[in-house]
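Numbers 89 to 274, taken from my numbering, label the letters of the sequence shown in order.
Ideal Cβ positions, reconstructed from N, Cα and C, are used throughout, including at glycine.
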Amino acid sequence: KLALYYQRNADFENALVQYRAVLEVNELNAEAHNNLGLLYLDKTLYDEAIREFQRATFIDPKYSKAHNNLGVALLRSGKTDAAVAEFRWIAAQDSRNVEGLSNLALSLKTSGRLEEAREVMQRALSLNAKYAPAHYNLALIYEESGDLVRAIQHYESFLAVTGAENATLSGDVRARMQVLRDKLIR
Numbered sequence: 089k090l091a092l093y094y095q096r097n098a099d100f101e102n103a104l105v106q107y108r109a110v111l112e113v114n115e116l117n118a119e120a121h122n123n124l125g126l127l128y129l130d131k132t133l134y135d136e137a138i139r140e141f142q143r144a145t146f147i148d149p150k151y152s153k154a155h156n157n158l159g160v161a162l163l164r165s166g167k168t169d170a171a172v173a174e175f176r177w178i179a180a181q182d183s184r185n186v187e188g189l190s191n192l193a194l195s196l197k198t199s200g201r202l203e204e205a206r207e208v209m210q211r212a213l214s215l216n217a218k219y220a221p222a223h224y225n226l227a228l229i230y231e232e233s234g235d236l237v238r239a240i241q242h243y244e245s246f247l248a249v250t251g252a253e254n255a256t257l258s259g260d261v262r263a264r265m266q267v268l269r270d271k272l273i274r
């Protein structure tokens with residue numbers, strides 16, 4: 089609990105000390121490895137994060153949050169194919185995992201597979217039409233593929249369902265929508 093407290097308060101050093109103490113007592117604590125991985129991920133220490141998420145998934149092979157976090161770390165570190173594989177594993181284990189599907193679509197988009205990314209993102213939205221990150225990312229996919237009308241529609245859907253946690257992004261989305269509307273008028 090103390091490690092989580094420090095982590096939530098962005099005190100990297102004290103959180104690190106606490107997680108290491110927890111793992112000294114119980115090296116097989118998958119949750120502690122996962123949370124330590126998140127701590128490293130926040131500091132962009134990708135190799136360390138990947139190592140901790142891998143340990144968590146080795147200890148508990150069905151720990152989907154750790155698999156998802158591993159996929160995110162792999163994607164951020166440029167290991168796109170490995171990230172795709174991790175997110176595909178999540179989708180195979182739980183075809184209703186909207187976050188996993190959304191992350192799979194992002195990794196597919198990053199690897200240039202826009203059509204497949206769009207299909208997976210639409211599947212995520214069919215499961216939860218109010219999942220704001222999926223609307224945002226589907227808008228990006230449509231924008232990148234040149235379908236500006238659908239991009240604007242999903243940016244609007246994002247704004248309709250997002251919360252205060254995305255206030256800064258919401259402002260950026262509004263500005264982006266105006267740019268896209270201007271392109272459509274020309």
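Taking all protein chains shown into account, do 16 or more other C-beta atoms lie within 10 angstroms of the C-beta of residue i, making it buried, or fewer, making it exposed?
| i | result |
| --- | --- |
| Gln95 | buried |
| Lys131 | exposed |
| Leu194 | buried |
| Gln106 | buried |
| Val237 | exposed |
| Ala180 | exposed |
| Leu124 | buried |
| Val160 | buried |
| Ala144 | buried |
| Phe175 | buried |
Throw me the rounded Cβ distance for the residue i and residue j pair, which I believe falls under 8 Å.
| i | j | result |
| --- | --- | --- |
| Ser199 | Asp235 | Ser199 to Asp235, Cβ: 20 Å. No contact. |
| Ile138 | His155 | Not confirmed; about 12 Å, so no contact. |
| Ile229 | Leu268 | That belief does not hold up - the Cβ atoms of Ile229 and Leu268 are roughly 14 Å apart, past 8 Å. |
| Leu127 | Leu104 | 6 Å |
| Asn254 | Ala220 | 7 Å |
For the alpha helix (DSSP H) that residue i lies in, which residues bound it at each end?
| i | result |
| --- | --- |
| Thr198 | 186 to 198 |
| Glu136 | 134 to 147 |
| Leu116 | Run containing Leu116: none; DSSP gives neither H nor E here. |
| Glu204 | 202 to 215 |
| Tyr243 | 236 to 249 |
| Glu232 | 220 to 232 |
| Lys271 | 255 to 273 |
| Asp99 | Looking at the DSSP string, Asp99 is not in any alpha helix (DSSP H), and its letter there is neither H nor E. |
| Ser152 | 152 to 164 |
| Asp65 | Nothing in the structure corresponds to residue 65, since the chain is present only between 89 and 274. |
Could you tell me which of the options sits nearest to residue i, measuring between CA atoms?
| i | options | result |
| --- | --- | --- |
| Arg262 | Glu253, Ser245, Arg274 | Ser245 |
| Leu189 | Met265, Lys153, Asn254, Val113 | Lys153 |
| Ser233 | Thr250, Leu247, Arg201, Asn191 | Arg201 |
| Asn216 | Leu196, Ile229, Arg176, Glu187 | Glu187 |
| Ala222 | Leu116, Val105, Tyr243 | Tyr243 |
| Asp135 | Leu163, Val113, Asp148 | Leu163 |
| Arg264 | Ala227, Glu204, Ala248, Thr145 | Ala227 |
| Leu158 | Ile147, Ala120, Asp148, Glu140 | Glu140 |
| Lys89 | Ala98, Glu115, Ala120 | Ala120 |
| Asn122 | Gln210, Asp99, Tyr151, Met209 | Tyr151 |
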